[in-house]
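Residues in the sequence shown are numbered consecutively from 1405, following the numbering used here.
Where is the CB? At the ideal position from N, CA and C, for every residue including glycine.
Please read the structure below before turning to the comments.
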Amino acid sequence: MNVTSIRNLREGIAEQIVDAYVVPAAMAAYVRGRDGTCRGPGCSIPAANCDIDHRIPFDEGGLTTPANLHTLCRTCHNRKTDGVMKVIMDAQGADHWIFPDGSVVVTLPDGPIVWPGKRMLDGRWRQSWEERTMQRRALRREENRREHQEPRERSIA
Ligand SMILES: [Zn+2]
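As structure tokens, then:
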């Protein structure tokens, strides 16, 4: 098979708005590439096996554009549709899932296509839960070490 054209998925599609409910194939591919997995809380179903969901429903004025689209597996999609959890997105592309008890879980796109907001969350802003836990434990250890050392240091001085 000969390659006749190569298309950069990022080009133009991130900002594209389509005046229809149906998500064009190229836009769906972009959203899957950006999200990597289901965007539901604690879910890791590969994006290839997910629905493309309008965060704000199309019939409630939600646009068919990547900023209003995310990948949801059928289970998470049903939980959202049934109102078990509600979603609010922010300008950086994070999904804030709100549960009836008021708790909130934030999920971020994690696919191979770099979404514009990801750069803001990279470096010191982007941290996995494990990294954060390790960092906090290291800080606590350091604090404990200092607390135990201080009296000795004082007695030496
Ligand atoms: Zn899911």
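Mapping the DSSP letters down to three states, classify residue i as helix, strand or coil.
i	result
Asp1457	strand
Leu1476	strand
Met1489	coil
Pro1470	helix
Thr1417	A small fix is needed here, since residue 1417 is Ile in this sequence, not Thr. Of the three classes helix, strand and coil, the one that applies to Ile1417 here is helix, per DSSP.
Asp1439	helix
Asp1463	helix
Arg1549	helix
Ala1542	helix
If distances are taken between C-alpha atoms only, which option among the options comes closest to residue i?
i	options	result
Arg1438	Thr1469, Thr1537, Gly1515, Pro1428	Gly1515
Tyr1434	Gly1446, Asn1472, Ile1492	Asn1472
Thr1511	Ile1421, Thr1475, Arg1550, Gln1553	Thr1475
His1458	Gly1446, Met1493, Thr1479	Met1493
Ile1456	Ala1542, Ala1495, Arg1540, Arg1478	Arg1478
Asp1423	Asp1463, Ile1449, Ala1495	Asp1463
Pro1461	Val1491, Ser1448, Cys1442	Val1491
Beta-carbon within less than 6 Å of residue i's beta-carbon, same chain only, minus the 5 sequence neighbours each way: which residues are those?
i	result
Met1489	Arg1483, Trp1501, Phe1503
Val1508	His1500, Ile1502
Gly1440	Ala1451, Asp1514, Gly1515
So residue i and residue j are supposed to be a Cβ contact under 8 Å. How far apart are they, rounded?
i	j	result
Arg1436	Ala1418	Arg1436 to Ala1418, Cβ: 13 Å. No contact.
Val1480	Gly1444	Checking the displayed sequence, the identity of residue 1480 turns out to be Cys instead of Val. Rounded, the Cβ-Cβ distance is 3 Å, consistent with contact.
Just to confirm my understanding: we take residue i, look at its own chain, exclude 5 residues before and 5 after, and list those with CB closer than 8 Å. What are they?
i	result
Gly1487	none
*asked:* Does the structure place the stretch 1428-1436 close enough to the stretch 1461-1479 that three or more beta carbon pairs sit under 8 Å?
replied: Using a C-beta cut-off of 8 Å, the stretch 1461-1479 makes contact with the stretch 1428-1436, since at least three inter-stretch Cβ pairs fall below that distance.
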